[in-house]
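Numbering that gives the first Met the number 0 puts the first residue of the sequence shown at 0, with every later residue one more than the last. Using N, Cα and C, we set each Cβ at its ideal position, and we do this for glycine too. Right, one structure below, let's go through it.
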Amino acid sequence: MEYFNILIMFLVAGGIGVLAVGVSAILGPKKASRTKLMPYESGNDPEGSARERFPVHFYLVAMLFIVFDIETAFFYPLAVAFKKLGVFAFWEAVTFVVLVLVGYYYILKKGVLEWR
0 MEYFNILIMF LVAGGIGVLA VGVSAILGPK KASRTKLMPY ESGNDPEGSA
50 RERFPVHFYL VAMLFIVFDI ETAFFYPLAV AFKKLGVFAF WEAVTFVVLV
100 LVGYYYILKK GVLEWR
């Protein structure tokens, strides 16, 4: 019973999502045309194949962005509870930053961030 309000919140949020999709399916335009069926619906004819290979470099840069983005998200709970945790939190944060910097140094030496 303690989490009943959270359950209601999720049910209402899910209901709003289902309602929005249902209303758009019922009231939305349904007339398909050549332009509307094209990828990205830009009005331009597509050039080349959609199955072209991308260099691995794009994926490496994207994964690095995700890693460093998540790294900053890990600091928020630490900042909230910093006074409670005291010196332990400080050294934990220092260890975490050192590990991230070691990884950053590694990717710099490997040349992952060099655009070729």
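The alpha helix (DSSP H) enclosing residue i, as first and last residue numbers
i	result
Trp-90	86–109
Leu-59	55–79
Leu-18	3–26
Sub-8 Å separation of residue i and residue j beta-carbons
i	j	result
Ile-106	Leu-100	no
Ala-88	Leu-98	no
Phe-95	Phe-73	yes
Of the residues the options, the one placed nearest residue i, counting alpha carbons only
i	options	result
Met-62	Ile-5, Val-17, Glu-1, Tyr-103	Tyr-103
Trp-114	Lys-35, Glu-91, Gly-16, Leu-59	Leu-59
Thr-71	Leu-26, Ala-92, Pro-54	Ala-92
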